[in-house]
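Below is one structure, written out as structure tokens; the observations come after it.
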Amino acid sequence: MTYAENLWLFFTLLFGIIIVPGMDMALVLSSALSGGRRAGFLATAGVMAGGVVHTIYAVIGISALVRYVPHLFDALLLAGAAYIAWIGLSLVRSSARLATIAPGGETLSPAARAPSGWSFFRRGAITCLLNPKAYLFMLAVFPQFLKPHYGQIGVQAAILSMITATTQLGVYGTLAFTAGRSRTLLSGHPRVTALIGRGVGVLLIAVAALTVWTAGWGGA
Numbered sequence: 053m054t055y056a057e058n059l060w061l062f063f064t065l066l067f068g069i070i071i072v073p074g075m076d077m078a079l080v081l082s083s084a085l086s087g088g089r090r091a092g093f094l095a096t097a098g099v100m101a102g103g104v105v106h107t108i109y110a111v112i113g114i115s116a117l118v119r120y121v122p123h124l125f126d127a128l129l130l131a132g133a134a135y136i137a138w139i140g141l142s143l144v145r146s147s148a149r150l151a152t153i154a155p156g157g158e159t160l161s162p163a164a165r166a167p168s169g170w171s172f173f174r175r176g177a178i179t180c181l182l183n184p185k186a187y188l189f190m191l192a193v194f195p196q197f198l199k200p201h202y203g204q205i206g207v208q209a210a211i212l213s214m215i216t217a218t219t220q221l222g223v224y225g226t227l228a229f230t231a232g233r234s235r236t237l238l239s240g241h242p243r244v245t246a247l248i249g250r251g252v253g254v255l256l257i258a259v260a261a262l263t264v265w266t267a268g269w270g271g272a
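Counting from 53, one number per residue, gives the positions in the sequence shown under my numbering.
Here's what the structure looks like:
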């Protein structure tokens, strides 16, 4: 297999994983609906930053530690699920319109209707760092595409990281744009946007429950 073929195969697998709804996608969706396209893009940037950190973990071998210390990985799964469920529950319990809901679901006062961009970015990064799908990808897939005969491992990892970030931007950025536009169109319908907000909250809770289920607790 040539290096170009290796990169195309990596992209194909990566796209298939990113396009499947999960924590990162749900967080970007809720951010775009609550804060508009800018918030969705900032959350996407946070997810991309988290992906860079995951790449660093893979290169320096921290992922191996997670592999050989199962309890640590279990804790990451639970932490990620709990974080997303908390955001979802906050949205479900809120009676405010989407335009008045902060990234974590808390209702904003009229004087504080514009959460800082850092809030959306931070939540995107945290969600990515706690996303079990990202760790599984780094453990099972990423190392398979780092081959000594293709050159320096660090350079290869940097290229794969760039492909990952670009793919995340394409998928989540499109979602953020679409959701943000839908929010703008619905801004004049308070009841509808409130229902959508609760619906997004239910989606986040469902994603968290699915994470726990697939980890094995739900089938015990």
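The beta carbon of each residue, even a glycine, is placed where N, CA and C say it ideally should be.
It should be emphasised that the depicted structure is a prediction, and the values quoted were computed from it without experimental measurement.
Nearest by alpha-carbon distance to residue i: which of the options is it?
i	options	result
residue 139	189, 176, 227, 103	176
residue 143	181, 186, 79, 169	79
residue 21	196, 220, 204	Residue 21 cannot be examined here, being either before or after the span of the chain that is shown, 53 to 272.
residue 191	106, 208, 178	106
residue 133	179, 170, 109, 81	179
residue 261	184, 189, 207	184
residue 87	170, 259, 213	170
residue 61	217, 194, 83, 81	194
residue 231	83, 73, 76	83
residue 76	250, 91, 186, 111	186
residue 254	141, 98, 74, 68	141
residue 250	204, 137, 229	137
residue 189	213, 201, 206	213
residue 70	233, 215, 89	215
residue 108	174, 208, 233	208
residue 92	174, 64, 72	174
residue 265	104, 201, 81, 130	130
residue 210	104, 135, 127, 199	104
Let me know the secondary structure DSSP gives residue i once reduced to three states.
i	result
residue 183	coil
residue 160	Note on residue 160: pLDDT 40, under 50, position unreliable in the model; the coordinate value appears next. Residue state, collapsed to three classes: coil.
Assuming residue i contacts residue j under a Cβ cut-off of 8 Å, what Cβ separation, rounded to an integer in Å, is found between them?
i	j	result
residue 219	residue 66	5 Å
residue 221	residue 102	The Cβ separation is near 13 Å, so there is no contact.
residue 224	residue 96	4 Å
residue 259	residue 74	6 Å
residue 256	residue 172	Not confirmed; about 15 Å, so no contact.
residue 100	residue 217	5 Å
residue 206	residue 111	7 Å
residue 233	residue 90	That pair is no contact at about 12 Å.
Is there at least one Cβ from chain C nearer than 7 Å to residue i's Cβ?
i	result
residue 214	Of the protein chains in the structure, only one exists, and it is not chain C.
Open item on the list: In chain order, what are the residue ranges of uninterrupted alpha helix (DSSP H) at least 4 long that sit wholly in the stretch 185-217?
Closed with: none
Task: Start-end ranges of the alpha helix (DSSP H) lying completely within the stretch 54-98, minimum 4 residues - done: Counting only runs of 4 or more, we get 55-70, 75-87.
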